[in-house]
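*Asks:* Numbering (mature numbering (1 follows the signal peptide of the UniProt record, and there is no 0)), first residue to last: -21 to -1, 1 to 324.
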């Protein structure tokens, strides 16, 4: 399955962006990052956010002017503690409290937990700077993890995080990314099926339904004449309407649009049923499109899709990281540097 929600494509920024609050790991194959603030009350835990399974080389850095400790809990194991089994946390007595496999050391320490390699800066912070802490995962996350921060003093924490591109066969382009979902459409209604982004190779989408449904496809990068986008696959019967280069034929046809070949089953379906239709796009998609479906009969359609990712070429592009050596006890701003990092953080 393609590692995202039931949609045809999700485009993510691959650079660090500003986020309002909490982690946002999005979906799809790309890596990314973000920065946000969290208000901390003295003697209390603040929830920072949830790190889901399936993310690669996650690195979270927390910076506060006051003494703050990172905590991390496994939300998939609440058999003994409702907040989840501690991965990073200190408490006493250790024999009965929810103590983590990390969190009791002043300096850097690492451990393997549920097949995850986890490194923690230690409760005294980076280079002994209280309130400057990090947690780093090498490889893939395997559990739903909630990060918290315990504040020994009230204050504001800046949280910076990043993760790397998914290394599944789908995301590496060595196997097809596949998925399916259902959509219910009312009589003579048009439903959005999903957005198709740029960079998807050899895309095939099939729709099966008992009733008569027609696939439509619109180029959302070209709204010069129609707000929904220029039709690629669509039928209409009035003058100056948004007629597609495909969609007017009962049987299978193909056409070239923006240098790519599009194939459509035809409005009478694939020969098995009026509601069983497909579209295929040869080579790599070069324009953003929206797939829709029009229902001549109300019903539920199953949409299945398959495509290949085109991974970016590793070219030593600069990524953003954090230069902790430049952070002092009194700094209130985040110290960044840009460096060439051929390996993961």
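Built from N, CA and C at the ideal position, the CB exists for glycine as well.
1) Measure from the alpha carbon of residue 267 to the alpha carbon of each residue in 104, 75, 176, then state which is nearest.
2) So what's residue 107 in DSSP terms, helix, strand or just coil?
3) Can you tell me where the alpha helix (DSSP H) with residue 151 in it begins and where it stops?
4) Is there contact here, the segment 110 to 123 with the segment 86 to 102, by at least three beta-carbon pairs under 8 Å?
5) Name the DSSP bridge partner or partners of residue 15?
6) Run the CB neighbour count on residue 107, radius 10 Å, all protein chains shown included, and call it buried at 16 or more, exposed below.
7) So, using beta-carbon positions, are residue 258 and residue 184 closer together than 8 Å?
8) Applying the 10 Å Cβ sphere with the 16-neighbour rule, what's the burial state of residue 251?
9) Please report how far the alpha carbon of residue 90 lies from the alpha carbon of residue 179, in whole angstroms.
10) Taking Cβ positions only, does residue 44 come closer than 8 Å to chain D?
11) The beta strand (DSSP E) with residue 235 in it runs from where to where?
12) Please return the same chain residues whose Cβ sits closer than 7 Å to the Cβ of residue 132, not counting the five positions on each side in sequence.
13) Using alpha carbons as the reference points, say which of 245, 208, 173 lies closest to residue 227.
14) In three-state terms, what does DSSP make of residue 26?
15) Thinking C-beta only, is residue 196 closer than 8 Å to residue 277?
16) Excluding the five sequence neighbours on either side, which residues of its own chain have a C-beta within less than 6 Å of the C-beta of residue 43, listed in chain order?
17) Looking at C-beta atoms only, is the number of pairs between the segment 30 to 43 and the segment 114 to 124 that lie closer than 8 Å three or more?
18) Tell me which residue opens and which closes the beta strand (DSSP E) that residue 35 is part of.
19) Over what stretch of residues does the beta strand (DSSP E) that includes residue 157 continue unbroken?
*Replies:* Quick answer:
1) 176
2) helix
3) That run of the alpha helix (DSSP H) goes 148 to 151.
4) yes
5) 138
6) exposed
7) yes
8) exposed
9) 38 Å
10) Among the chains in the structure shown there is no chain D, since it carries only a single protein chain.
11) It spans 232 to 236 - the beta strand (DSSP E) in which residue 235 sits, taken as one unbroken run.
12) The residues are 21, 45, 46.
13) 245
14) Strand.
15) no
16) Contacts found: 110, 134, 136.
17) Segments in contact, yes.
18) Here the beta strand (DSSP E) through residue 35 covers 35 to 43.
19) 156 to 164
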